[in-house]
Amino acid sequence: MIVGYARCSTDEQDLTAQRQQLVALGVAPDRIYVDQGLTHTTRSRPGLREALAAVQAGDTLAVTKLDRLARSVTDARAIADELVARQVALSLGGTLHDPTDPVKRQIVALRWRHRLGPVQIAGKLQLPASTVDAVLLRCRISRLRQIDRVVCEPIRRYEHDAPGAMLHVDVTKFGSVPDGGGHRFVGRQQGEKNRSATAERTGNRNHRGEPRTGVNYVHTVIDDRSRVAYAEIPGNEKSSTAVDVLRNAVAWFADRGIQTQRVLSDNGSCYRSFLWRDTCAELEITAKRTRPYRPQTNGKIEGFHRTLADGWAYARRYQSDGERRAALPSLIHFYNHHRLHTAIGNQPPISLLTNLPVQYT
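First residue of the sequence shown: 29, per this note's numbering; consecutive thereafter.
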């Protein structure tokens, strides 16, 4: 027997599409259990409890997508453990996952935990490599890029439909360049001499009173849909500075036809401040934050930070920190207008902004 489950978060959302997909998967209409209008403020899902109570050993629980069944990785694991214990199969949009198949579980475990390829897994389990490859393909983990390197779980990607629907913000730090160049290009010994001489000239000291060259705080903003980026280098990462950067970024994006609706940040102190909250409310922007210790949610801007490091901060030898600062606008222009981005079909980010005068659609 196949039992279906459908869920949506608000009363305004329609469950018709999910019901139709479940019926197409072979679920009888009277065996579809639903939860509608349950927000994140409650963990109670009576429809899911009824669906789990209705399935027996050998039955199948069908959902259209994994995020309709579980709200988090922890939630998904708990439900999966219950299905395994009760010997109930799970159908995700027509792809059947049978927890009673021990070989399949071994293949998936080796793939997730050790990131092994089909040939290596086949050698360990004494199976044909083609069989292992078929299992990985059905489980949608046939390529290593589909598995997060840090948590060894399938990568869950998301993207908003229109520019401005979500802006990602963050602060990254780069050590200041001493006069004459840093150790990456002049060597450790000469780099240390340059650092000490620059610190003595500027008078900067660390908490122990030792000379230091300082840190550049680069505030970055990137649009979720188009990947168009904005960056500034103010002198700190205080909440007042973060707010000023947000105002400047919103105005900068507005000049390019992007109206900001949401902004996503990590849990840094500047983004948890009342000033940040009040400024977002003033600008009519919904402020969102990632879960603690979950930087993957803000992965687009983390990827942009790597681009900054490779294409700007450590791209060549700079004779001073001022020279490197002056080079940032050129990198931002190149990134937005000329650098092809694989995530948006090998186009430069600016090409997705259809409200620009030369790009009306």
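Where a beta carbon is used, it is the ideal one built from N, C-alpha and C, also for glycine. Everything numeric in this text was worked out from a predicted model, so none of it was measured.
Can the beta-carbon of V62 be found less than 8 Å from the beta-carbon of A34?
Here the question's residue 62 lines up with position 34 in the sequence shown. Here the question's residue 34 lines up with position 6 in the sequence shown. Yes, Cβ-Cβ distance for V62 and A34 is below 8 Å.
Taking DSSP as the reference, what is the three-state secondary structure of K132?
Your numbering for residue 132 matches position 104 in the sequence shown. Correct three-state label for K132: helix.
Does Y321 come out as helix, strand or coil in the three-state DSSP assignment?
Walking along the sequence shown from the start, residue 321 turns up at place 293. Coil.
Just checking, does the segment 346–354 make contact with the segment 327–336 on the three C-beta pairs under 8 Å criterion?
no
From the DSSP secondary-structure annotation, give me the bridge partner or partners of E260.
Residue numbering aside, residue 260 sits at position 232 when the sequence shown is read from its first letter. DSSP output for E260 lists H247 as bridge partner(s).
Enclosing alpha helix (DSSP H) for G215 [first to last residue]
Taking the first residue of the sequence shown as position 1, residue 215 is located at position 187. Counting along the chain, G215 falls outside any alpha helix (DSSP H), and DSSP gives it neither H nor E.
What number of angstroms, rounded off, separates the C-alpha of T241 from the C-alpha of R353?
Mapped onto the sequence shown, residue 241 falls at position 213. Mapped onto the sequence shown, residue 353 falls at position 325. In a straight line, the C-alpha of T241 is about 14 Å away from that of R353.
Are the C-beta of L311 and some C-beta of chain D separated by less than 8 Å?
Absent here is chain D; the protein component of the structure consists of one chain.
Going by DSSP in three states, V101 sits in which element: helix, strand or coil?
Taking the sequence shown and counting its residues from 1, one reaches residue 101 at position 73. If DSSP states are grouped into helix, strand and coil, V101 belongs with the helices.
Here's the rule I'm using: 16 or more other beta-carbon atoms within 10 Å means buried, otherwise exposed. How should F362 be labelled?
To locate residue 362, count along the sequence shown from 1; it is residue 334. When all chains shown are included, F362 counts as exposed.
Just tell me which of G209, R168, G121 has its CA closest to the CA of I22.
In the structure as shown, the chain begins at 29 and stops at 389. Residue 22 is therefore absent and cannot be evaluated.
At which residues does the beta strand (DSSP E) containing S158 begin and terminate?
Here residue 158 is taken as the residue at index 130 of the sequence shown, counted from 1. Element bounds for S158: not the beta strand (DSSP E) but the alpha helix (DSSP H), 157–166.
Boundaries (first-last residue) of the alpha helix (DSSP H) holding K201:
Here residue 201 refers to the residue found at position 173 of the sequence shown. No alpha helix (DSSP H) holds K201; the beta strand (DSSP E) holding it covers 195–203.
Cβ-based burial, I149 [other Cβ within 10 Å; buried from 16]
Residue numbering aside, residue 149 sits at position 121 when the sequence shown is read from its first letter. Flag for I149 reads buried.
In whole angstroms, what separates the C-alpha of A190 from that of L292?
Within the sequence shown, residue 190 is the residue found at index 162, counting from 1. Within the sequence shown, residue 292 is the residue found at index 264, counting from 1. Cα-Cα distance, rounded: 15 Å.
When you compare only the Cα positions, how much space is there between T314 and E265?
What you label residue 314 is simply residue 286 of the sequence shown in a count that begins at 1. What you label residue 265 is simply residue 237 of the sequence shown in a count that begins at 1. If you take the alpha carbons of T314 and E265, they lie about 21 Å apart.
Runs of alpha helix (DSSP H) lying entirely within the segment 336–367, each at least 4 residues, in chain order
349–365
Let's see if you can read the secondary structure: which residues bound the alpha helix (DSSP H) around I60?
As a working note, residue 60 is residue 32 in the sequence shown. Here I60 belongs to no alpha helix (DSSP H); instead the beta strand (DSSP E) covers 60–64.
Alpha-carbon to alpha-carbon, P206 and G231
Position 203 of the sequence shown, counted from the start, is the residue given in the question as residue 231. Position 178 of the sequence shown, counted from the start, is the residue given in the question as residue 206. Roughly 13 Å separates the two Cα atoms.
Assuming G215 and T288 form a contact by the criterion Cβ under 8 Å, report the distance between their Cβ atoms to the nearest whole angstrom.
In the sequence shown, counting from the first residue as 1, residue 215 sits at position 187. In the sequence shown, counting from the first residue as 1, residue 288 sits at position 260. Contact flag wrong, Cβ pair sits at about 45 Å.
Neighbour-count burial assignment, Y388, 16 or more Cβ in a 10 Å radius:
Here residue 388 refers to the residue found at position 360 of the sequence shown. With a pLDDT of only 47 at Y388, under 50, the local geometry of the prediction cannot be trusted, and the value read off the model is given with reservation. It counts as exposed.
Would you give the residue range spanned by the alpha helix (DSSP H) that T307 belongs to?
Taking the first residue of the sequence shown as position 1, residue 307 is located at position 279. Where T307 is concerned, the enclosing alpha helix (DSSP H) stretches over 302–310.
To the nearest angstrom, how far is the alpha carbon of G210 from that of Y342?
Indexing the sequence shown from 1 puts residue 210 at position 182. Indexing the sequence shown from 1 puts residue 342 at position 314. When rounded, the distance between both Cα atoms is 10 Å.
Mind checking which residues open and close the alpha helix (DSSP H) that includes L89?
For the purposes of this step, residue 89 is taken as the residue at position 61 of the sequence shown. Per DSSP, L89 belongs to no alpha helix (DSSP H); it is in the beta strand (DSSP E), 88–91.
With a threshold of 16 other CB atoms inside 10 Å of the CB of D306, please say whether the residue is buried or exposed.
On the sequence shown, position 278 is the one that residue 306 refers to. It counts as exposed.
Which of helix, strand or coil DSSP assigns to Q46
For the purposes of this step, residue 46 is identified with residue 18 of the sequence shown, where counting begins at 1. Correct three-state label for Q46: helix.
Is the segment 258–274 close to the segment 375–383, with three or more CB pairs under 8 Å?
no
For the beta strand (DSSP E) that R77 lies in, which residues bound it at each end?
Here residue 77 corresponds to residue number 49 of the sequence shown, with the count starting at 1. Element bounds for R77: not the beta strand (DSSP E) but the alpha helix (DSSP H), 74–82.
With DSSP as the reference, please indicate the residues paired to R35 in a beta bridge.
Here residue 35 is taken as the residue at index 7 of the sequence shown, counted from 1. In the DSSP output, where bridge partners are listed per residue, R35 has D63.
In this structure, does DSSP put T389 in helix, strand or coil?
Taking the sequence shown and counting its residues from 1, the one referred to as residue 389 is at position 361. Confidence at T389 is low in this model, with a pLDDT of 42, below 50, so the placement of that residue is unreliable and no value is reported for it.
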